[in-house]
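Notes follow the structure.
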Amino acid sequence: MATNQDTDIRSTSNTAEGLRSEEMLLNMGPQHPSTHGVLRLILTLEGETITSCTPVIGYLHRGIEKILENRPVMGGIRYMDNSDYLSPMLNETAYVGAVEQLMGLEVPRRAQYIRLLTNELQRIASHLVGIGTYGMDLGAFTPILWAFRDREGILELFEALGGSRFNVNYMRVGGVLHDFPKGWLSECSTFLDRFEKNMIEMDQLLSGNEIFTSRTQGVGYIDPQQALAYGLTGPMLRGSGVNWDLRVNRPYMAYREIPVNVQVRQEGDCYARYMVRMMEITESIRLCREAIDKLPGGAISTRTPIALRPPRGETYFALESSKGELGVYFISDGSEYPWRAKLRGPSFVNLQIVPELMRGHKMSDAIAILGSTDIVLGEVDR
Amino acid sequence: MSNFVLADFGSYIVNLGSQLGHGIISWQFLQFLVAFLTAFGFVMTSAVILILMERKVMAWMQDRVGPVHTGPWGLLQTVADVGKLLLKEDIHVRAGDKSLFLLAPSVFMAPVIGSFAVLAFSPYIQLPGGALATGLIFYVAMGSIDVVGLIMSGWGSNNKYSLIGGLRGTAQMISYELPLVLSFVGVIMLTSILAGEPGFPHYGTGAANGVGTISVYEIMLFQNAAWHHTGIGVLDFLFQGFTPWSWFFLFQPLMLVIYYVCGLAETNRAPFDLPEAESELVAGYATEYSGMRWALFYLGEYGNMTIVSAITAYLFLGGFSGPGVSFLVGQNSLLWGFVGNIMALVYFVLKIYLLCVVFVWIRSTLPRLRADQLMQFCWLILMPITLGNILVTGLLYLVIVQFVHAPIWVFLVVLACVGWASVFGFVWLISRVTTASNRRAQAPAIRAQLRARSATTPALRDGVPSRVALPAGTHE
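These protein sequence lines map, in sequence, to chains S and P. When you line the first sequence up against the working numbering, it's residues 7 to 388, in that order. When you line the second sequence up against the working numbering, it's residues 583 to 1058, in that order.
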């Protein structure tokens, strides 16, 4: 803090005792062991305390939105998988949902339920990665492997369903690609039963652990008004006490028939966000079971032409992804190629509060805060 | 004159030679040779075995299999690892303190091997250091030298971040040495109390009458002396020199737990592995090392694990004692003595490896402590508890034996009850303290929420306030 009496203008600050301390620049480079992707954080430290943090993004930019402009709609669905690469099914649903909303197309009921089922399974898979990597960031080596073991079950189901574990390319404008293979639903039920038991184990391992709670409680507090001002959505918002879930507040597809119990926590710290994700997994298990029970018969798709030409116009369709509000703003000029398909990536918006949160915390807390935001760089950079 | 000197010198040499020959070809030298080879071989191979054991056991706990390709069931994995490390390029830092940098791994590893000098592996296999009357102090001193190796590597790496990591590790190791040593004091007090009883060592033996001991081997003897020769063959075979009901873990269980936790911190293992895992943000102390130098750090960590487990086994779990050892060795026959020694070795190694499995178990379960939480745990919780334990043990002895004149076994039973109750009390205390400090950390959040709630809540539509607040810091 230089006053006009100071002749020495450097990037130093004068403490109360008249000592001079310099700020240290620390670069958490694009490559670091916290497995969140290629994010670069430039931290300015004063001793142990972080005074400022500048994220540098763009290391994973692949031009997805531009690619979508050069593909017919059906050809572009597969590129949505790469945006949030941990929840491909949700990304695809957002894209085809936007086109259907523009066309005014109502998807058959069976297809809506199938979409709900796959979306909730995908949400579970994404949260498992988030929770597992969060534990590993803080030094717990076991939860990530248990989480990935359970995720294998989901990925095997997706492989049986759509042919591929990750980028399934399963959603189509008008419905889904094909129906369940024989025995898939019972496999799914068996998996859900097994998984519920494993979740109890993982909960016991991590949630009540005193070391874990000491590292996460009271760290990275987000005020609810601040959260709304920054436009946060998803567990970041619900962890601060704001009851907002697009599946309930702006219901779409089968969520109009199957209600969701929104999981909200009041504390607003990293532990609250972690608990929201854990409870959302349990809620998703319940939704999957209900969808399997109430699955209607009928067609799985309204046939649309391969070279689909949506009518001229623009629309915005948002759904509740595992990270928050995932939206697609779709502008069509009547041809088979979209004029513009803008993705509202929730991780991009959620990342903006990280510099604000990190200020004033110690270095060890920076990892805890970054892990609790559960960002996926594919969605941040697109 | 010169003839006289030459003859004298010659006979001196011959005398020396014959004395040396008598010394080398003697049972004592053979014992030293066997003990040295056993100890050194045990340390080096146990580090190798432990690395593989850790990978396998951690894998099984994580629902995987661990290394399976190298050798049957992956048993040759560490051999392959060490071979690779030996063949790696030895990268030196160009600037910086060369001599410190090069010496640090050895300074880290050597005290670990040296600590084995005070351990007896079996009644026959004892290094001369086993006779050291202050063996426990020797072990603690060796543990302190390890710290110097850490500082040397942090400074010699010429890397700002290595220095910070090394200093943090040093602070951790030095802090946790205090509760570690204080947890021994309870055991030493017990030996002193028992030395006044007939049947135990140091009873009525002149200068050492009624005095306890800080020799590791003798502490083990104190634990296993509670058996009187009955003449019944089977019982004598089983329990001569093996009295698990008087092992010190029954009377000082909290000290066992605290010693083990401090051992975790001394060896920089999870949940105290901040110096190693600082590599998330800041490079650790061993960053600039490659190849065999790094392997020495790594092996030193596992050697440290072994020595902590060994001392735990000696002080609390009866050392190498087991059914049949003392009986067979006391038979004065070569064959049965040999068998007894082998059995003692097996029991000892079994106890050490079981404790090492607990090390691995803890590593795979618990996350990492933050640096300030680590220090708080040591200074605010472990230190008072160990000091309190010394106080309580002494007070109980004073009241029960001196004032009430009850027999010793009453004191021991009361001490055991108090000890086991305090273990559960310790766990309860930790959870209470954690909850309290977490609530204190969350206090600003809770205060902000109360402030927000007490203000007039704007009209809500779908849970979202119809008027969104401006970003923090904006003046309206």
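Where is the CB? At the ideal position from N, CA and C, for every residue including glycine. Quick caveat, the model's predicted, so the values are computed rather than measured.
8 Å is my cut-off, CB to CB: does P/R1014 come that close to chain S? Chain S has no Cβ within less than 8 Å of the Cβ of P/R1014.
For a test of the three-state rule: what should DSSP assign to P/W943, helix, strand or coil? Of the three classes helix, strand and coil, the one that applies to P/W943 here is helix, per DSSP.
is_contact[P/D818, chain S] using C-beta, thresh 8 Å: No, its Cβ sits nowhere closer than 8 Å to a Cβ of chain S.
Could you spell out the range, first to last residue, of the beta strand (DSSP E) harbouring S/K348? Here the beta strand (DSSP E) through S/K348 covers 344 to 350.
Would you mind telling me which residues of chain P sit closer than 9 Å to S/R221, beta carbon to beta carbon, in chain order? Around S/R221, the beta-carbon contacts reaching into chain P at under 9 Å are P949, R950, L951, R952, Q955.
P/A996 lies in the alpha helix (DSSP H); which residues open and close that run? It should be pointed out that residue 996 of chain P corresponds to Val in this sequence rather than to Ala. P/V996: member of the alpha helix (DSSP H) spanning 990 to 1023, first to last residue.
Please find out if some non-hydrogen atom of the ligand MG comes closer than 7 Å to the beta-carbon of S/P352. Annotation note on the ligand MG: not contained in the displayed structure, which lists no ligands.
Cβ closer than 7 Å: which chain S residues qualify as neighbours of P/R646? What P/R646 touches in chain S: L151.
The beta strand (DSSP E) spanning S/L376 covers which residue range? Here S/L376 belongs to no beta strand (DSSP E); instead the alpha helix (DSSP H) covers 369 to 379.
Closest by C-alpha distance to P/L856, when choosing among P/R750, P/A892, P/W918: For P/L856, the nearest C-alpha among the options comes from P/R750.
Specify the secondary structure class of S/I337 as computed by DSSP and reduced to three states. Look at S/I337 here: in three-state DSSP terms it is strand.
Between which two residues does the beta strand (DSSP E) carrying S/M30 extend? Segment 30 to 34, the beta strand (DSSP E) holding S/M30.
Taking only beta-carbon positions, decide if S/I217 is within less than 8 Å of chain P. For S/I217, the nearest CB of chain P lies under 8 Å from its own CB, placing it at the interface with that chain.
Between S/R279 and chain P, is any beta-carbon pair separated by less than 8 Å? Answer no: the Cβ-Cβ gap between S/R279 and chain P never drops below 8 Å.
Helix, strand or coil for P/Y743, going by three-state DSSP, please let me know. Here P/Y743 sits in helix by DSSP.
P/F622 to S/A153 span [Cα, whole Å]: One C-alpha to the other measures close to 42 Å.
Consider the Cβ of P/S1019: report whether some Cβ of chain S lies at a distance smaller than 8 Å. When Cβ-Cβ separations below 8 Å define contact, P/S1019 makes contact with chain S.
Under 8 Å by beta carbon: chain P residues contacting S/A324: Those do not exist, as S/A324 stays about 14 Å from chain P at its closest Cβ, beyond 8 Å.
Determine which residues of the stretch 328 to 357 of chain S have a Cβ less than 8 Å from any Cβ of chain P, and write them out in chain order. Listed in sequence order: no entries.
With a Cβ-Cβ cutoff of 8 Å, do P/R875 and P/D728 count as a contact? The beta carbons of P/R875 and P/D728 sit no closer together than 8 Å.
Check whether the Cβ atoms of P/P949 and S/I217 lie closer than 8 Å to each other. S/I217 is positioned such that its CB atom lies closer than 8 Å to that of P/P949.
How far does the beta strand (DSSP E) with S/A324 in it extend, from its first residue to its last? Looking at the DSSP string, the run of the beta strand (DSSP E) that includes S/A324 is 319 to 326.
Assess contact between the stretch 641 to 649 of chain P and the stretch 705 to 723 of chain P, defined as three or more Cβ pairs (one per stretch) separated by less than 8 Å. Is contact present? Look at the beta carbons and you see the stretch 641 to 649 of chain P not touching the stretch 705 to 723 of chain P: under three pairs across the two are nearer than 8 Å.
C-alpha distance - P/E870 paired with P/I982, whole-angstrom precision: Put simply, the backbone Cα of P/E870 is about 58 Å away from that of P/I982.
Can you tell me the Cα-Cα spacing of P/L632 and S/G366, whole angstroms? The alpha-carbon atoms of P/L632 and S/G366 are separated by roughly 42 Å.
Applying a beta-carbon distance threshold of less than 7 Å, which residues of chain S neighbour P/Q853? The question names Gln, yet the displayed sequence has Pro at residue 853 of chain P. Chain S residues near P/P853: G145, I217.
So, helix, strand or coil for P/G912, using DSSP? Three-state DSSP puts P/G912 in coil, outside helix and strand.
Starting from S/I130, trace the beta strand (DSSP E) both ways and give me its first and last residue. Here S/I130 belongs to no beta strand (DSSP E); instead the alpha helix (DSSP H) covers 115 to 143.
Counting only Cβ pairs nearer than 8 Å, list the residues of chain S close to P/M643. T148, listed in chain order.
Taking S/Y140 and S/Q223 to be in contact with their CB atoms under 8 Å, please state how far apart those CB atoms are, rounded to whole angstroms. The beta-carbon separation of S/Y140 and S/Q223, rounded to 14 Å, does not stay under the 8 Å limit for a contact.
With C-beta atoms as the reference, is P/I934 less than 8 Å away from P/S891? In terms of Cβ geometry, P/I934 and P/S891 form a close pair [threshold 8 Å].
Determine, using beta carbons only, whether S/F343 and S/E320 come nearer to each other than 8 Å. Per the sequence shown, residue 343 of chain S should be read as Tyr rather than Phe. For S/Y343 and S/E320, no; Cβs fall outside 8 Å.
Using a C-beta cutoff of 8 Å, does P/S946 count as contacting chain S? Yes, its Cβ sits closer than 8 Å to a Cβ of chain S.
How many Å lie between P/G901 and P/V921 at the Cα? Near 17 Å, if we compare the C-alpha coordinates of P/V921 and P/G901.
So, for S/F323: in the same chain, excluding its five sequence neighbours on each side, which residues have a beta-carbon less than 6 Å away from its beta-carbon? These residues qualify, in order along the chain: G103, A104, Q107, V334.
Considering Cα atoms alone, identify which of S/N249, S/L111, S/R279 is closest to S/K329. Closest option to S/K329, Cα to Cα, is S/R279.
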